[in-house]
Amino acid sequence: MLLYYLRTFLPWLLLAVVSGWNDQAGAAAGLAAAVVLLALDLRKGSRLDALILEASALVFMALLTALAFADPHSVLMNYGASMAIGWLALTAWGTVLAGRPFTEGVGRRNVTDEIAATDLFKSITTVIAVVWAISFTVIAVVLAFVQHAAPDNTALLVAAKVAGFAVPIVFTARYPEIAQKRYFARHGIDREAVR
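Residue 1 is where the sequence shown starts when you use full-length UniProt numbering, and the numbers rise one by one after that.
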């Protein structure tokens, strides 16, 4: 699971790291990574609903790269980190509001079609998507504040990003098991019989 998230967020990580040196290079590196990762996933036959974050990264990186080269001194470039996470928040909230949380497609990679069709699966993936959306929103707001008030405080920027991603990653890893236990207990289902 951790490798999935590292791979999925590689364009965003490259953007963050390389932009510390040069905004144009950071945006271009993020865009290149987004193009390559999406192309590899499509080539290996991944379902489109499992690639929402990857497609969203591609669109954001393309827009940011265009801005970075068209107007490299734009005040918006001072808020690259908060804009990036804000974009992820909009993506996550959009999928939740559309009734197709991005986590549903990701979760389908690890379950059968029968399990993916259950209300329990849909409930779990929706809750996880909401947690990610909340986390992205909080990180974006915190980063915008830090980038405005203390833009050179790299330690605080990094700490906000790490905490903001650690919480939903840990939640995503643990919540399905917890939700299944509650569901089975509430319905009197023997978990061993289901396996």
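For each residue, glycine too, the CB sits at the ideal point set by N, CA and C.
1. Tell me whether Gly-188 sits in a helix, a strand or coil according to DSSP, three-state version.
2. With DSSP run on the structure shown, which of helix, strand or coil describes Thr-172?
3. Which whole runs of the alpha helix (DSSP H) in the region 133-164 are 4 residues long or more, in chain order?
4. Can you tell me whether Lys-44 is helix, strand or coil according to DSSP?
5. I need the straight-line Cα distance from Trp-87 to Gly-105, nearest angstrom please.
6. Since Ile-52 and Thr-91 are thought to touch, with beta carbons under 8 Å apart, how far apart are those beta carbons, to the nearest angstrom?
7. By a C-beta neighbour count over all protein chains shown, 10 Å radius and 16 as the cutoff for buried, is Thr-95 buried or exposed?
8. Under 7 Å, do Thr-126 and Ala-89 count as touching if we go by C-beta distance?
9. Can you give me the C-alpha to C-alpha distance between Asp-190 and Ile-178, rounded to a whole angstrom?
Let's see:
1. Position 188 of the sequence shown, counted from the first residue, corresponds to residue 188. In the structure shown, Gly-188 sits in coil (DSSP, three-state: anything other than H, G, I, E or B).
2. Translated into positions along the sequence shown, residue 172 becomes position 172. It is helical.
3. none
4. Within the sequence shown, the letter at position 44 stands for residue 44. It is coil, neither helix nor strand.
5. Within the sequence shown, the letter at position 87 stands for residue 87. Within the sequence shown, the letter at position 105 stands for residue 105. So the alpha carbons of these two residues sit roughly 19 Å apart.
6. Counting from 1 along the sequence shown, the entry for residue 52 is found at position 52. Counting from 1 along the sequence shown, the entry for residue 91 is found at position 91. About 7 Å; that satisfies the 8 Å criterion.
7. Taking the sequence shown and counting its residues from 1, the one referred to as residue 95 is at position 95. It is buried - the Cβ of Thr-95 has at least 16 other Cβ atoms within 10 Å.
8. Translated into the one-based positions of the sequence shown, residue 126 becomes position 126. Translated into the one-based positions of the sequence shown, residue 89 becomes position 89. Against a cut-off of 7 Å, the Cβ pair of Ala-89 and Thr-126 comes out as no contact.
9. As a working note, residue 190 is residue 190 in the sequence shown. As a working note, residue 178 is residue 178 in the sequence shown. So the two alpha carbons sit approximately 15 Å from each other.
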